[in-house]
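Chains as they are written, first to last, in our numbering: chain A, 556 to 784; chain B, 78 to 117. Here a beta-carbon is modelled for each residue, glycine too, at the ideal position from N, C-alpha and C. Please read all numbers here as calculations on a predicted model, not as lab measurements.
Following this line, the structure appears as structure tokens:
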């Protein structure tokens, strides 16, 4: 991965630039919403990547609960943190899109509320990881992650099964989309997927190294003269 | 159009802020590693 990292970074930067150009220039303007619809190319990929990262967090948490793998625990922390970043983008770009289209910044609609709850669950998870020093913390956090992940399908399917203010899905939900728009959407999805994977990998490496440093410091303080009585 | 730019700019502000936070943590960790190496 270390050798692949620079190549992947260049590919990601190229994809992000292509995606931005496509979103602002080549994608056709939507008839009813106008230019503001172009927020779609950042808002929807961010939501999908947040869901994927929360799924990685769920899988890693289950692996940790079953095998007590410290690497899985580090991956769980990394994916939750990067997932929260993408979920924050969804919660910021959503209201910016809603204001000119719905006339309001926010409404306590099912999908919006469940997305906010999802964000709060993972923020709580990160606060627990950051401030609890108990030996049981990884186990408690893993259980919280498993329960929190139940909200992901609720968010995703809320617009399929309930009438909400949020638009119905345009892909796979009976809606139609211009192929040029779909092309730009997939470029941005690929770009942000690569970007999310790179950031998650970096955060995972940081977590692994941080734990190694902490272990070494703890050992060192034990071996210091005068520390054992 | 301003809403569109606001959304795109806020997306990148959030990403860059987070990347900056990661870089800060990396550099402080590197200092700690160097400190440990110097002591041994």
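Under 8 angstroms by beta carbon: chain B residues contacting residue i
| i | result |
| --- | --- |
| residue 652 of chain A | 80, 84 |
| residue 655 of chain A | 80 |
Bridge partner(s) assigned by DSSP for residue i
| i | result |
| --- | --- |
| residue 585 of chain A | A:589 |
Alpha-carbon to alpha-carbon, residue j and residue i
| i | j | result |
| --- | --- | --- |
| residue 643 of chain A | residue 674 of chain A | 7 angstroms |
| residue 116 of chain B | residue 684 of chain A | 30 angstroms |
| residue 732 of chain A | residue 599 of chain A | 14 angstroms |
| residue 779 of chain A | residue 110 of chain B | 18 angstroms |
| residue 556 of chain A | residue 562 of chain A | 10 angstroms |
| residue 711 of chain A | residue 682 of chain A | 25 angstroms |
| residue 772 of chain A | residue 616 of chain A | 26 angstroms |
| residue 776 of chain A | residue 687 of chain A | 21 angstroms |
| residue 784 of chain A | residue 689 of chain A | At residue 784 of chain A, the pLDDT of 49 sits below 50, so the modelled position is not reliable and the matter cannot be decided from this model. |
| residue 104 of chain B | residue 670 of chain A | 34 angstroms |
| residue 565 of chain A | residue 738 of chain A | 21 angstroms |
| residue 677 of chain A | residue 720 of chain A | 24 angstroms |
| residue 718 of chain A | residue 661 of chain A | 16 angstroms |
| residue 700 of chain A | residue 651 of chain A | 29 angstroms |
| residue 86 of chain B | residue 774 of chain A | 45 angstroms |
| residue 551 of chain A | residue 83 of chain B | Since the first and last residues shown for chain A are 556 and 784, residue 551 of chain A lies out of range. |
| residue 692 of chain A | residue 619 of chain A | 12 angstroms |
| residue 621 of chain A | residue 698 of chain A | 11 angstroms |
| residue 647 of chain A | residue 97 of chain B | 19 angstroms |
| residue 750 of chain A | residue 645 of chain A | 16 angstroms |
| residue 583 of chain A | residue 574 of chain A | 14 angstroms |
| residue 633 of chain A | residue 716 of chain A | 32 angstroms |
| residue 755 of chain A | residue 770 of chain A | 23 angstroms |
Under 7 angstroms from the C-beta of residue i: neighbouring residues of chain A
| i | result |
| --- | --- |
| residue 109 of chain B | 768 |
Interface partners of residue i on chain A, CB under 9 angstroms
| i | result |
| --- | --- |
| residue 93 of chain B | Within 9 angstroms Cβ-Cβ: nothing; residue 93 of chain B doesn't reach chain A, min ~11 angstroms. |
| residue 87 of chain B | 644, 647, 648, 651 |
Check your understanding: With contact counted as at least three CB pairs below 8 angstroms, one residue from each stretch, are the region 599-606 of chain A and the region 657-667 of chain A in contact?
Key -> no
Review point. Do the region 637-657 of chain A and the region 705-712 of chain A meet, that is, are 3 or more Cβ pairs less than 8 angstroms apart?
Key: no
Review point. Between the region 764-772 of chain A and the region 584-597 of chain A, do at least 3 Cβ pairs fall closer than 8 angstroms?
Key: no
Review point. How do the region 573-591 of chain A and the region 651-658 of chain A stand: do at least 3 beta-carbon pairs fall below 8 angstroms, yes or no?
Key: yes
Check your understanding: Listed from N- to C-terminal order along the chain, which residues in the region 589-600 of chain A have their beta-carbon within a distance smaller than 8 angstroms of any beta-carbon of chain B?
Key -> 590, 591, 593, 594, 597, 598
Review point. Given 8 angstroms as the limit, is there contact between the region 610-627 of chain A and the region 566-578 of chain A, that is, 3 or more CB pairs closer than that?
Key: no
Point to revise | Touching by the beta-carbon criterion (3+ pairs, under 8 angstroms), the region 737-749 of chain A and the region 625-635 of chain A | key: no
Review point. Using Cβ-Cβ distances below 8 angstroms, what residues of the region 744-774 of chain A are close to chain B?
Key: Residues passing the 8 angstroms Cβ filter: 750, 754, 757, 758, 761, 764, 765, 768, 771, 772.
Practice item. May I ask you to list, following chain order, the residues of the region 635-646 of chain A that have a beta carbon less than 7 angstroms from some beta carbon of chain B? Key: Closer than 7 angstroms at the C-beta level to chain B, one finds these residues of the region 635-646 of chain A: 640, 643, 644.
Check your understanding: Going along the chain, which residues of the region 95-106 of chain B sit with their C-beta nearer than 8 angstroms to a C-beta in chain A?
Key -> Of all residues in the region 95-106 of chain B, only 95, 96, 99, 102, 103, 106 come within less than 8 angstroms of chain A when Cβ atoms are compared, listed by chain position.
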